[in-house]
Ligand code: PHE
């Protein structure tokens, strides 16, 4: 008997890799990363971000997956199971599992809204709205969407329905079935689009913007942003990787390889998205530092004027919607997994939570539409949620994961788990999880707190 988890297992490690990569690859890669790189001056930021992925992201992912794969329960009870495997009665850190569920609910509430935007943009692309559009018109379309709460809600609801539907179907008939089709399609389309953008765009400028570092542009703020984004983009610190880890077949022995593949896929997608966007932006006189509007204002204008832009714009926004979908799915699964393993019906929890999260998202819709009420530190509802989750809760989640795996799991069990790596690699990994990652995370949090 492999374990007592009720949710079931992915049918192979390859499916686990696809699902985890599907979770990791999302709006963070295609929307956030390129504009963050643009705003923070390119090369040096990109380099530091890659360092964060390698130095902190990969070890934390390994540790988070360990808790799920070893614990074989939902995001809360897995902590207890890991403690039991060390001969303790229960874990002192299981409360973090509740923080995971709360964080995933809060993030999905606004992620669903932006996911809805990507569906709306796919729709507008199909309608030919972007053909020959001017920058002002493009700005007006985005502005019009934000100013129209009903329109935002309509597409948010559509996005959430797609997410909830898959989750009601369960691990195999829902997540696995969706991911094994959507992710390969995503990769092929992204590759085609990237090649196209290189051919019609300015790939040289894009390369040098993204890869020639000017370290004078790197400051404490951009470094903190890069580190925080490393967590967000790899889906770390909120239990998604933990829960998927619990669904990974036991027979997978080479966990390090699995984690490296996921991190590599996520990074390559972010870099491709960045290269593709900047290649088009530089060839068309766009502004690299355009911020969050880069994807929704600058790009449609460019699509509107390039050869084949009609088709390209449809594929591009559909691609983003698919990427956001598989990420949203992993967020909802965190809480559903816990409740299902407590014996509550998956269908009921999926729909119940789906409705609750969608309603909560209305707050973010209102913020985008101009609701200015300040909640925390002069931030509106959406910015407050984004700050509390992406900047605070994910890094703290990562910290607790490092503490649990670094300090409460014995060398013996952890070494057994990572049986395929050499002693030296193991020692380095152990050292990073115990000391380096926690210290860097504490620095990040300290910096953020000093700024408020
Ligand atoms: N990694 C996803 C992205 O880059 C977002 C995400 C965060 C998904 C946390 C699941 C958990 O868009």
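Numbering (my numbering), first residue to last: 527 to 978.
Ideal Cβ placement from N, Cα and C applies to all residues, glycine included.
Since the model is a prediction, treat every value here as computed from it, not as a measurement.
Query raised in the report: DSSP three-state call for residue 902: helix, strand or coil?
Result: In the chain shown, the residue the question calls residue 902 occupies position 376. The answer is strand: DSSP assigns residue 902 an E or B state.
Query raised in the report: For the region 545 to 558 against the region 750 to 759, are there 3 or more C-beta pairs whose distance is under 8 Å?
Result: yes
**Report entry** Neighbourhood of residue 704 by C-beta distance below 6 Å, restricted to the same chain and skipping five residues each side
**Finding:** Here residue 704 is taken as the residue at index 178 of the chain shown, counted from 1. Around residue 704: 692.
Query raised in the report: Helix, strand or coil: which one does DSSP assign to residue 737?
Result: Locating residue 737 in the chain shown gives position 211, where the first residue counts as 1. Of the three classes helix, strand and coil, the one that applies to residue 737 here is helix, per DSSP.
Query raised in the report: Closest by CA to residue 796, which one among 846, 771, 943 and 654?
Result: By one-based count along the chain shown, residue 796 stands at place 270. Closest option to residue 796, Cα to Cα, is 846.
**Report entry** Best match in 582, 690 and 877 for proximity to residue 480 [C-alpha to C-alpha]
**Finding:** Because residue 480 is not part of the residues shown, which for the chain are 527 to 978, the question remains open.
Query raised in the report: Taking buried to mean at least 16 other C-beta atoms within 10 Å of its own C-beta, is residue 528 buried or exposed?
Result: Within the chain shown, residue 528 is the residue found at index 2, counting from 1. In this prediction, residue 528 has a pLDDT of 49, which is less than 50 and means its spatial position is unreliable; what the coordinates show is noted afterwards. Exposed, by the Cβ-count rule.
Query - Spatial distance of residue 831 from residue 697 (CA atoms) - result: As a first step, residue 831 is located in the chain shown; it is residue number 305 there, counting from the start. As a first step, residue 697 is located in the chain shown; it is residue number 171 there, counting from the start. Those two C-alpha atoms are separated by around 43 Å.
Query - Same chain only: Cβ atoms within 6 Å of residue 865, ignoring 5 sequence neighbours per side - result: Counted from its first residue, the chain shown places residue 865 at position 339. Within the same chain, residue 865 has close Cβ partners 875.
Query raised in the report: Are there 16 or more other CB atoms within 10 angstroms of the CB of residue 791, so buried, or fewer, so exposed?
Result: One-based indexing of the chain shown puts residue 791 at position 265. Counting Cβ neighbours within 10 Å, residue 791 comes out buried, since at least 16 surround it.
Report task. For residue 758, verify whether its CB is less than 6 Å away from any heavy atom of ligand 1. Result -> As a first step, residue 758 must be located in the chain shown, where it is residue number 232. For ligand 1, at least one heavy atom lies less than 6 Å from the Cβ of residue 758.
**Report entry** Backbone secondary structure at residue 961 - three-state DSSP
**Finding:** Reading the chain shown from its first residue, position 435 is the one you call residue 961. If DSSP states are grouped into helix, strand and coil, residue 961 belongs with the helices.
Query raised in the report: For residue 832, does the three-state DSSP call read helix, strand or coil?
Result: For the purposes of this step, residue 832 is taken as residue 306 along the chain shown, with counting starting at 1. Coil.
Query raised in the report: What is the residue span of the alpha helix (DSSP H) that residue 766 lies within?
Result: Counting from 1 along the chain shown, the entry for residue 766 is found at position 240. It spans 766 to 772 - the alpha helix (DSSP H) in which residue 766 sits, taken as one unbroken run.
Query raised in the report: Taking Cβ to Cβ, would you say residue 893 is nearer than 7 Å to residue 882?
Result: Within the chain shown, numbered from 1, the residue matching residue 893 stands at position 367. Within the chain shown, numbered from 1, the residue matching residue 882 stands at position 356. Against a cut-off of 7 Å, the Cβ pair of residue 882 and residue 893 comes out as no contact.
Query raised in the report: With distances taken from CA atoms, which of 547, 974, 616 and 622 is nearest residue 903?
Result: One-based indexing of the chain shown puts residue 903 at position 377. The candidate whose alpha carbon is nearest that of residue 903 is 974.
Report task. Let me know the secondary structure DSSP gives residue 643 once reduced to three states. Result -> For the purposes of this step, residue 643 is taken as residue 117 along the chain shown, with counting starting at 1. Residue state, collapsed to three classes: helix.
Query raised in the report: Does DSSP put residue 727 in a helix, in a strand, or in coil?
Result: Residue mapping note: residue 727 aligns to position 201 of the chain shown, counting from 1. Looking at residue 727 - three-state DSSP - the assignment turns out to be coil, as it is neither helix nor strand.
Query raised in the report: For residue 599, which three-state DSSP category applies?
Result: Residue 599 sits at position 73 when you count from the first residue of the chain shown. Coil.
Requested in this report: May I have the straight-line CA-CA distance separating residue 822 from residue 668, to the nearest angstrom?
Outcome: Counted from its first residue, the chain shown places residue 822 at position 296. Counted from its first residue, the chain shown places residue 668 at position 142. Whole-angstrom Cα-Cα distance: 7 Å.
Query - beta-carbon residue 857 near ligand 1 non-hydrogen atom, thresh 6 Å - result: Position 331 of the chain shown, counting from 1, holds the residue named residue 857. Answer for residue 857: yes, Cβ within range of ligand 1.
Requested in this report: Determine, using beta carbons only, whether residue 743 and residue 567 come nearer to each other than 7 Å.
Outcome: Numbered from its first residue, the chain shown carries residue 743 at position 217. Numbered from its first residue, the chain shown carries residue 567 at position 41. Result yes, Cβ atoms of residue 743 and residue 567 sit closer than 7 Å.
**Report entry** Neighbourhood of residue 709 by C-beta distance below 6 Å, restricted to the same chain and skipping five residues each side
**Finding:** Numbered from its first residue, the chain shown carries residue 709 at position 183. So the list reads 544 and 548, once near-sequence residues are dropped.
Requested in this report: Identify whether residue 778 lies in helix, strand or coil by the three-state DSSP scheme.
Outcome: Reading the chain shown from its first residue, position 252 is the one you call residue 778. Three-state result, residue 778: coil.
Query raised in the report: Which whole-angstrom value describes the C-beta separation of residue 559 and residue 829, a residue pair presumed to lie in contact below a C-beta threshold of 8 Å?
Result: Here the question's residue 559 lines up with position 33 in the chain shown. Here the question's residue 829 lines up with position 303 in the chain shown. Actually they are not in contact, since the Cβ atoms of residue 559 and residue 829 sit about 20 Å apart, beyond 8 Å.
Query raised in the report: Should the region 647 to 661 be called in touch with the region 916 to 928, which here means at least 3 C-beta pairs below 8 Å?
Result: no
Query raised in the report: Three or more beta-carbon pairs under 8 Å between the region 617 to 630 and the region 796 to 815, yes or no?
Result: no
Query raised in the report: So residue 684 is in the alpha helix (DSSP H); what residue range does that whole segment cover?
Result: Counting from 1 along the chain shown, the entry for residue 684 is found at position 158. Per DSSP, residue 684 belongs to the alpha helix (DSSP H) from 675 to 694.
**Report entry** Secondary structure of residue 653, DSSP reduced to three states
**Finding:** Residue numbering aside, residue 653 sits at position 127 when the chain shown is read from its first letter. Coil at residue 653, not helix or strand.
Query - Helix, strand or coil at residue 938 according to DSSP, with G and I counted as helix - result: The residue given as residue 938 occupies position 412 in the chain shown. In this structure, residue 938 counts as helix in the three-state DSSP scheme.
Query raised in the report: How many angstroms separate the CA atom of residue 615 from the CA atom of residue 664?
Result: In the chain shown, counting from the first residue as 1, residue 615 sits at position 89. In the chain shown, counting from the first residue as 1, residue 664 sits at position 138. Taking the straight line from one Cα to the other gives about 59 Å.
Query raised in the report: How should residue 662 be labelled, buried or exposed, when 16 other C-beta atoms within 10 angstroms of its C-beta is the threshold for buried?
Result: Numbered from 1 along the chain shown, position 136 holds the residue referred to as residue 662. Residue 662 should be labelled exposed.
**Report entry** Cut-off 7 Å between Cβ atoms - residues of its own chain near residue 573, not counting five sequence neighbours on either side
**Finding:** Taking the chain shown and counting its residues from 1, one reaches residue 573 at position 47. Around residue 573: 739.
Requested in this report: Would you kindly work out how many angstroms separate the C-alpha atoms of residue 711 and residue 720, rounded to a whole number?
Outcome: Here the question's residue 711 lines up with position 185 in the chain shown. Here the question's residue 720 lines up with position 194 in the chain shown. If I take the Cα positions, the gap works out to 14 Å.
Requested in this report: Would you identify the three-state DSSP class for residue 970, choosing helix, strand or coil?
Outcome: Residue numbering aside, residue 970 sits at position 444 when the chain shown is read from its first letter. Residue 970 falls in the helix class under three-state DSSP.
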